[in-house]
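Engineer: One structure, as structure tokens, below. Some questions next.
In the UniProt record's numbering, the protein residues as written are 1 to 81.
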């Protein structure tokens with residue numbers, strides 16, 4: 001008998017409290033934003049230009065740098081206003 005495989009992806013945990021989700025291009029990412037990578041929300045600690053506005057190298061604590069090449073869901077802390 002054949003067994004059906006399910007291609008279900010694991011559920012993504014809820015975003016960090018007090019953040020707002022938005023699809024942002026690399027040029028719009030800021031230090032302090034969160035991006036979901038490697039099964040965790042990673043906070044952008046710093047960033048570098050990758051030679052073009054279409055790409056950014058994002059730096060995180062405890063994770064190697066990551067090059068953002070396309071728009072990505074980001075989670076930005078909501079402003080207190």
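Where is the CB? At the ideal position from N, CA and C, for every residue including glycine.
Could you tell me which residues DSSP puts in a beta bridge with residue 77?
Structural biologist: DSSP lists 19 as partners of residue 77.
Engineer: Less than 8 angstroms between the CB atoms is what I'm expecting for residue 58 and residue 29, so what's the real figure, rounded?
Structural biologist: Yes, they are in contact, since the Cβ atoms of residue 58 and residue 29 sit about 7 angstroms apart, within 8 angstroms.
Engineer: Is it buried or exposed for residue 31, if we count other Cβ within 10 angstroms and need 16 for buried?
Structural biologist: With fewer than 16 Cβ atoms within 10 Å of its Cβ, residue 31 is classed as exposed.
Engineer: Determine the closest residue to residue 66 out of 17, 48, 73, with distance taken between C-alpha atoms.
Structural biologist: If we check each option's Cα against that of residue 66, 48 comes out closest.
Engineer: When burial is assigned at 16 or more other CB atoms within 10 Å of the CB, is residue 23 buried or exposed?
Structural biologist: Its Cβ having fewer than 16 others within 10 Å, residue 23 is exposed.
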